[in-house]
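Asker: Here the sequence shown stands for residues 1 to 171, where the numbers follow the numbering used here. Backbone N, C-alpha and C fix where the C-beta goes; we use that ideal spot for every residue, glycine too. Please read these numbers as outputs of a predicted model, since none were measured by experiment. Below are the structure tokens for one structure; questions will follow.
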Amino acid sequence: MKYPARDSFPWLTVWGIGYLRPASGSWGSIPPVVLAGALIAGGLGPAQAPWLYNGTLAGVALVFSAACVLQGSRAEVVHGKDPSVVVADEVAGQSLALMMLPLAVADSPARVTGTLVLAFVVFRILDIVKPWPARQIQRVPGGWGILLDDLVAGAYALGVLKVCNLFGYLA
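Structure below.
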């Protein structure tokens, strides 16, 4: 799709990221990963400042969730059902997947990078595969349908990361 002269949905397309091809959903999942990495690199990660780290990601998830709910129906009128240019849902879901990372993750740059890459890959796989109830829940009309399947994928990805940590794969 050609990038329009004026993006009428900047919050939903994350200021044009949704127009990047291929795989706009993957492009849309990158900003929260970069944000989490920057927070950790700046000494504001889950071990050093858990309230700030998790609060920031929760705030990002809430803002972009609200954008989906409030503008999603209008975007569907313009671009069709669950339009690929809308990536605010990926930002919200990926932010959820990055919350509450294990404290040990932040003890080395290699571990931080590996965990962030794993969180990204697991979220993208789950967002594409859409395990129950994600596939069913995306049938909800409007912005809620755009958003909820990604929040389910984000919650599942967070669960996968917790299990990986439990079995020592992140430490």
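Using 10 angstroms around the beta-carbon of Y156, count the other beta-carbons present and answer buried if the total reaches 16, otherwise exposed.
Answerer: Position 156 of the sequence shown, counted from the first residue, corresponds to residue 156. Y156 should be labelled buried.
Asker: Assuming contact is defined by CB atoms lying nearer than 8 angstroms, are L161 and L101 in contact in what I supplied?
Answerer: On the sequence shown, position 161 is the one that residue 161 refers to. On the sequence shown, position 101 is the one that residue 101 refers to. Contact: yes.
Asker: Figure out for me which residue from V112, F123 and D127 has the closest Cα to the Cα of G43.
Answerer: Numbered from 1 along the sequence shown, position 43 holds the residue referred to as residue 43. The shortest C-alpha separation from G43 is found at V112.
Asker: When you compare only the Cα positions, how much space is there between A92 and A153?
Answerer: One-based indexing of the sequence shown puts residue 92 at position 92. One-based indexing of the sequence shown puts residue 153 at position 153. For A92 and A153, the distance between alpha carbons rounds to 10 angstroms.
Asker: Use the C-beta contact count for F9: other C-beta atoms within 10 angstroms, 16 or more gives buried, fewer gives exposed.
Answerer: For the purposes of this step, residue 9 is taken as residue 9 along the sequence shown, with counting starting at 1. Label assigned to F9: buried.
Asker: May I ask which residues mark the beginning and end of the alpha helix (DSSP H) holding V63?
Answerer: Indexing the sequence shown from 1 puts residue 63 at position 63. Per DSSP, V63 belongs to the alpha helix (DSSP H) from P50 to H79.
Asker: Kindly indicate the opening and closing residues of the alpha helix (DSSP H) around P109.
Answerer: Taking the first residue of the sequence shown as 1, we reach residue 109 at position 109. Here the alpha helix (DSSP H) through P109 covers P109 to V129.
Asker: Taking the alpha-carbon of M99 as reference, which of W11, A61, D149 and W15 has the nearest alpha-carbon?
Answerer: Numbered from its first residue, the sequence shown carries residue 99 at position 99. Looking at the Cα atoms, A61 is the closest of the given residues.
Asker: Compute the minimum distance between the beta carbon of L39 and the heavy atoms of the ligand PLP, and state whether it is under 7 angstroms.
Answerer: This structure simply doesn't include the ligand PLP, nor any ligand for that matter.
Asker: What did DSSP end up calling L24 once you bin it into helix, strand or coil?
Answerer: For the purposes of this step, residue 24 is taken as residue 24 along the sequence shown, with counting starting at 1. Going by the sequence as given, residue 24 is Ser instead of Leu. Correct three-state label for S24: helix.
Asker: Would you call the CB atoms of C68 and I17 closer than 8 angstroms?
Answerer: Taking the first residue of the sequence shown as position 1, residue 68 is located at position 68. Taking the first residue of the sequence shown as position 1, residue 17 is located at position 17. No.
Asker: With C-beta atoms as the reference, is Q94 less than 8 angstroms away from S29?
Answerer: For the purposes of this step, residue 94 is identified with residue 94 of the sequence shown, where counting begins at 1. For the purposes of this step, residue 29 is identified with residue 29 of the sequence shown, where counting begins at 1. The answer is yes: Cβ separation under 8 angstroms.
Asker: What does a CB cutoff of less than 6 angstroms around G72 pick up in its chain, not counting 5 residues either side in sequence?
Answerer: Residue mapping note: residue 72 aligns to position 72 of the sequence shown, counting from 1. G142, G143 and I146, listed in sequence order.
Asker: Between which two residues does the alpha helix (DSSP H) containing Y156 stretch?
Answerer: Residue mapping note: residue 156 aligns to position 156 of the sequence shown, counting from 1. Note, Y156: alpha helix (DSSP H), G142 to L166.
Asker: If you reduce the DSSP assignment to three classes, tell me which class A134 lands in.
Answerer: Here residue 134 corresponds to residue number 134 of the sequence shown, with the count starting at 1. In this structure, A134 counts as helix in the three-state DSSP scheme.
Asker: In whole angstroms, give me the CA-to-CA distance for G168 and R124.
Answerer: Position 168 of the sequence shown holds residue 168. Position 124 of the sequence shown holds residue 124. If you take the alpha carbons of G168 and R124, they lie about 22 angstroms apart.
Asker: Since S95 is in the alpha helix (DSSP H), which residue starts that stretch and which ends it?
Answerer: Within the sequence shown, numbered from 1, the residue matching residue 95 stands at position 95. Note, S95: alpha helix (DSSP H), A88 to L98.
Asker: To which residues of the same chain is P133 closer than 7 angstroms at the C-beta, ignoring the five residues directly before and after it?
Answerer: Within the sequence shown, numbered from 1, the residue matching residue 133 stands at position 133. Counting only Cβ-Cβ distances below 7 angstroms, and skipping sequence neighbours, we find V152.
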